[in-house]
Every structure is written in structure tokens, then in C-alpha cells.
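Numbering-wise (my numbering), the sequence shown opens with residue -3 and increments by one.
Glycine is no exception: its CB is placed at the ideal position from the N, C-alpha and C atoms.
Owing to the predicted nature of the structure, the values given are computational and were not obtained by experimental measurement.
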Amino acid sequence: MSPGKRPPKNPSALRMVGELLALFRKAAGYTQATLGARLVIAESTIAAYEQGRRPLLVDTARQMDQLLDTKGALATAVQAMPEIDQFPLYAEQYMAHEREAIALSWYDVLAVPGILQTEECARTVLRNRVPAYDEDEIATKTAARVERQEILHRKCPPTLSFVVWEAALKLAYLEPLAREEQLRHLRACTELPGLALQFLPLDAPAHAGLDGGFTLLETPDHQHLAYTESQRGSQWVSTPDEVSILARKYAMLRSQALTPEQSKGLLDRLLGDR
């Protein structure tokens, strides 16, 4: 393979190369930021390499081998990858962490968090995707999204916190009965132990989450991670400084949002129950 040629994209191989890079980087005493600075590569790109979301080019791998003194290991691994199309490993990694997390905190802007969606809401959200999923994909992804809600009902569930912008409650894309079902489901979720649901009002004078939604996770070994989503993909954040920034944003959002009790009252008013 000539320098600069796009390498093959096998998901398992991409993950393996990423894990090797992370191992070699840490052994050499670099952070993602300092390695990126030495190579004139963005820190986010180094993270994408390590998470298997972006393939290394052979010439970049060779530069890393030279800097990290890894005797050509990364370039050899890149050249040996079999040619199979990539699928979004970052999503699988998130699901794995979500299933075992001891604490989860979500901020969502324009949609009800996926793990709190009813089946009909999930199906409708997925059906609005552009480019469109086919019906088989919609059915599969809807079932997977609903299955994730198992963690809400465990005997010992994780500590769960949600801050959702009030705009997400308008739900104009749902039929009236489906909208009511979703609102009642949210109201029922507010009664679950260890779960706090708060809404940030549309007329709030301050808003710390204008850059978009994100999720914070704490693993069983107390590692703190973050996961961000955008129109063109998702990204894991593991650097302590970056996770800290998102954690501070979340803390500010909770202070700007309605309290959990006030949020229950908002749902009751929307449902016409009080």
C-alpha cells in the first residue's frame, strides 16, 4: 500500500489498531493532546483513531511509530487490516458502557432521551431520519432502543439524571395519542428510584447547553467518560479536562432547569391532570 492510500476499514481491526495506539501512547508518556501537538494533528482526531472511528493512514502510522519508538508496529497493523466496510463502533461502545455504568447523566435538546422514549416515539423519531432507514432497520433499531430501558427497572439501577430542554416536549411529530403516551411515560419515569428528570424552560434567562446534547457516564471502576452527538456523528470524550468541562456544563444546566418536583408539575399541566 502506498503512503496516503486509504486503508481498509474492518471494524474489529480498526478497534485493535486504536487500542494499540492508545497503549503505545500512554507507555511513551503522551496524552492525546500532547501527541496531537507533536504530530500537528487535532486531539479529537487522535481520539477518533483510538476509538476505532477513523482509520489511520499508513504514513501517519509511520510517523507515530517513529515518535513512539514502536518499531513499525502501527504501520504493520494498518497494512494488515482486511478490507471490510466499517460500521459505527462508537455506538456499540456506548451501549456497552451504558449497560454497566453506575451513574448516567443526559442532556438533550430537541428530542426526548432515547432511553426514555416509548416504542411509538422511538419508531417515529427513527422514521424521520434523513437519509431514511428502511422499515427493517427501523424495526430493529426501535426494538434495540426499547430494550435499553431495562436498566431503568433493575433491582439496583444506576443513578440517573436527565436535563431536557422544554422544546423536546412539544412532540409535534407525534400523533396526539402517541404524544400523550410519551408524556405519561415520562411522568411515570419521574417516580422511579434514583432517577431525576428536569426540564430547562423555554423562557430560562440562561442556557449552558447551547452547543448540543451529551451524556456523562461513570464506570464501575469510577472512570468518568462523556459521549457527544452531532449531525455528522458521535464522539467519546475521555480526557479528564474535556470531561470536566462537560461535567461543569451539566452542573450549570441542572441549576438553570426546573427542579424535579417542578418538572413533574410541568408534565401534569401538559397532560391536563392538574
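Could you give the C-beta distance for residue i and residue j, rounded to a whole number, given that I count them as a contact under 8 Å?
i: Glu94; j: Pro216; result: The Cβ separation is near 12 Å, so there is no contact.
i: Ala107; j: Thr138; result: Incorrect: roughly 14 Å between the Cβ atoms, too far for contact.
i: Leu242; j: Phe210; result: 5 Å
i: Leu249; j: Leu196; result: 6 Å
Would residue i pass as a contact of residue j if the rule is Cβ separation under 8 Å?
i: Val74; j: Val13; result: yes
i: Val105; j: Gly190; result: no
i: Ala24; j: Gln231; result: no
i: Ala69; j: Leu10; result: no
i: Leu170; j: Thr120; result: yes
i: Leu298; j: Arg183; result: For the chain, the structure presents residues -3 to 270; residue 298 sits outside this window and is missing.
i: Glu39; j: Gln28; result: yes
i: Leu148; j: Cys185; result: yes
i: Leu221; j: Val239; result: yes
i: Thr56; j: Phe20; result: no
Alpha carbon to alpha carbon, what distance is there between residue j and residue i?
i: Ala128; j: Ser101; result: 29 Å
i: Leu172; j: Lys166; result: According to the sequence as given, residue 172 is Pro; it is not Leu. One C-alpha to the other measures close to 11 Å.
i: Tyr223; j: Leu63; result: 29 Å
i: Cys152; j: Ala99; result: 11 Å
i: Arg50; j: Glu176; result: 41 Å
i: Ala168; j: Val36; result: 46 Å
i: Gln178; j: Gln113; result: 7 Å
i: Ile134; j: Val142; result: 12 Å
i: Glu187; j: Asn124; result: 30 Å
i: Leu206; j: Tyr246; result: 12 Å
i: Leu52; j: Tyr103; result: 32 Å
i: Gly261; j: Val160; result: 15 Å
i: Ala174; j: Glu116; result: 7 Å
i: Asp132; j: Pro236; result: 40 Å
i: Ser226; j: Pro256; result: 27 Å
i: Lys22; j: Val126; result: 39 Å
i: Thr41; j: Met91; result: 22 Å
i: Met60; j: Thr30; result: 12 Å
i: Arg228; j: Arg265; result: 36 Å
i: Arg150; j: Ala76; result: 43 Å
i: Gln89; j: His218; result: 17 Å
i: Phe158; j: Thr136; result: 25 Å
i: Arg244; j: Ala18; result: 26 Å
i: Asp130; j: His181; result: 27 Å
i: Glu146; j: Asp269; result: 28 Å
i: Pro154; j: Leu122; result: 26 Å
Closer than 7 Å by C-beta to residue i: which residues in its own chain qualify, once you throw out the five before and the five after it? Chain order, please.
i: Leu198; result: Glu162 and Ala163
i: Glu214; result: Ala97, Ile98, Ala99 and His220
i: Tyr45; result: Gly14, Leu17 and Leu52
Spatial neighbours of residue i within its chain, please: CB distance less than 6 Å, with the 5 preceding and 5 following residues excluded, ordered by chain position.
i: Arg58; result: Ala71
i: Gly110; result: Arg141
i: Ser234; result: Leu221
Please go through the same chain and pick out, in chain order, the residues whose beta-carbon is closer than 8 Å to the beta-carbon of residue i, but skip the five residues on each side of it.
i: Gln273; result: Because the chain in this structure spans residues -3 to 270, residue 273 falls outside the shown range and cannot be described.
i: Arg34; result: Tyr26 and Leu63
i: Ser259; result: Thr186, Leu193, Gln194, Phe195 and Ala253
i: Gly32; result: Ala38, Glu39, Thr41 and Ile42
For residue i, list the residues DSSP reports as bridge partners.
i: Glu225; result: Ser230
i: Glu214; result: Ala99 and His220
i: Ser157; result: Ser101 and Ala192
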